[in-house]
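For the record, in the sequence shown the residue sitting at position 134 is 133 according to numbering that gives the first Met the number 0, with numbers rising by one throughout.
For every residue, glycine included, the Cβ atom is placed at its ideal position computed from N, Cα and C.
Quick caveat, the model's predicted, so the values are computed rather than measured.
This report refers to the structure that appears directly beneath it.
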Amino acid sequence: MSSALTACGVLSMESSDNPANEELTLFTAASLTDAFEEIGQQFENNHTNIAVELNIAGSSQLSQQIIRGAPADVFASANRTQMDVVVDAGVLDRQQVELFAYNELVVVYPRANLAQLMTLTDLSRPEVKLVVAAEEVPVGSYTQTFLDNASRDSAFSPSYKTDVLENIVSYEQNVRAVLNKVMLGEADAGVVYRSDVFANVDQTAIAILEIPEHLNVQAAYYIAPVRDTSLSRQFVDTVLSPAGQAILESYGFVPLE
């Protein structure tokens, strides 16, 4: 299996060793990139002449692509909302939607820390430059919820959310774009999933501020076959299997109990 970033910003994967008789196309939330690359590789290893391809984007982008007829076999979303968008459009069966993992938020910043961030309250300082995901993207919606929770907490100013929003210099369409901008030094900090800290990034280049549990959000991930084929259902079963859950956990996701 090989990986490449296409011109449109979508990560595609296909086997280069043997010609495949069949392709399985996964429409996958950006935060799942690394975990699903490994699960996809395992699936290829266990299925002769199958090529797995990943279409990577924000969940809201993926749901719209699917509704418009894009050739998806499986959809893995970072929230239930975007899965329901596809269900409500009549494209997939609600009964086949499965919860498969959890995640949570952290604040990530360059280890050089030129903004001298020490606590979450520092995100509201006027000179701090922040990057977050757009609100229509699951991680962007979760970020807004975190800011709402903090603004109601006595440890923060009631204007905390307003002050933080004034510091945002860019809204991105997926969580990996947020992480990349922080790593490139284009922002002092960003809000990403904990799993992104486990991703294939230079761990010496970034650091995190923890978000306390009472302020944080439990992000729930859902998966379903779009094309109701045996191969699609087998991939969903692989994600839900002990081996699939172990891979997800190794990338910072919280597996099902």
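### Task
Decide if serine 158 is buried, meaning its Cβ has at least 16 other Cβ atoms within 10 Å, or exposed.
exposed
### Message
Is there a C-beta anywhere in chain B that falls below 8 Å from the one on valine 253?
### Response
No chain B appears in the structure shown, which is made up of a single protein chain.
### Task
Below 8 Å on the Cβ atoms is my guess for asparagine 166 versus valine 127; work out the distance and round it to an integer in Å.
Their Cβ separation, rounded to whole angstroms, is 5 Å, which keeps asparagine 166 and valine 127 in contact under 8 Å.
### Query
Would DSSP call glycine 8 helix, strand or coil?
Reliability fails at glycine 8, whose pLDDT of 45 lies under 50, so the model's placement of it is uncertain and no value is given.
#### Entry: Counted within 10 angstroms of its Cβ, other Cβ atoms place glutamine 217 as buried (16 or more) or exposed
Glutamine 217 is exposed by the Cβ-count criterion.
### Message
Using C-beta distances below 6 Å, list every residue in its chain close to alanine 198, excluding the 5 sequence neighbours before and after it, in chain order.
### Response
Asp33
### Start-end ranges of the alpha helix (DSSP H) lying completely within the region 140 to 216, minimum 4 residues
159 to 165, 174 to 182, 193 to 196
### Message
Determine whether the beta carbon atoms of phenylalanine 26 and phenylalanine 74 lie at a separation below 8 Å.
### Response
yes
### Query
Between the C-alpha atoms of glutamine 60 and glutamate 171, what's the straight-line distance to the nearest angstrom?
If I take the Cα positions, the gap works out to 12 Å.
### Task
Quick one: using the 10 Å Cβ neighbour count with 16 as the cut-off for buried, is threonine 144 buried or exposed?
exposed
### Task
May I ask which residues mark the beginning and end of the alpha helix (DSSP H) holding proline 241?
First-last of the alpha helix (DSSP H) with proline 241: 241 to 249.
### Query
Taking the C-alpha atoms as reference points, what is the distance between serine 15 and alanine 219?
Caution is warranted here: a pLDDT of 49 is assigned to serine 15, below 50, making its placement in the model unreliable, and the coordinate value is therefore given only provisionally. Each residue's Cα considered, the two are about 33 Å apart.
### Task
Output the distance between the C-alpha atoms of glycine 243 and leucine 119, rounded to the nearest integer angstrom.
Separation of glycine 243 and leucine 119 (C-alpha to C-alpha, rounded to the nearest whole angstrom) is 34 Å.
### Message
Only counting the same chain, and skipping five residues up and downstream in sequence, which positions put a Cβ closer than 6 Å to that of valine 86?
### Response
Arg93
### Message
Once DSSP output is grouped into helix, strand and coil, what is the label at alanine 218?
### Response
strand
### Task
State the Cα-Cα distance for the pair aspartate 147 and alanine 77, rounded to the nearest angstrom.
Going from the Cα of aspartate 147 to the Cα of alanine 77 covers about 20 Å.
### Query
Which residues in the same chain have their Cβ closer than 6 Å to the Cβ of leucine 31, if we skip the five residues on either side of it in sequence?
Ala75
### Message
Using a Cβ-Cβ cutoff of less than 8 Å, which residues in the same chain neighbour cysteine 7 once the five nearest sequence positions on both sides are dropped?
### Response
Residue confidence for cysteine 7 is low, a pLDDT of 38 falling below 50, so the modelled location carries little weight; the figure read from the coordinates is stated next. For cysteine 7, where only same-chain residues beyond five positions count, there are no Cβ hits under 8 Å.
### Query
For asparagine 44, does the three-state DSSP call read helix, strand or coil?
helix
### Task
Compute the distance between the beta-carbons of glycine 189 and valine 136, then report whether it is under 8 Å.
Result no, Cβ atoms of glycine 189 and valine 136 do not sit closer than 8 Å.
#### Entry: alpha helix (DSSP H) segment containing valine 85, residue limits
79 to 87
### Message
Looking at the secondary structure, which residues open and close the alpha helix (DSSP H) in which serine 58 lies?
### Response
Bounds of the alpha helix (DSSP H) holding serine 58 are 58 to 66.
### Task
Rounded to whole angstroms, what's the CA-CA distance from aspartate 261 to glutamate 52? Just pull it up for me.
Any answer about residue 261 is impossible in this case: the structure gives the chain only from 0 up to 256.
### Query
Quick one: what does DSSP say leucine 31 is sitting in, helix, strand or coil?
helix
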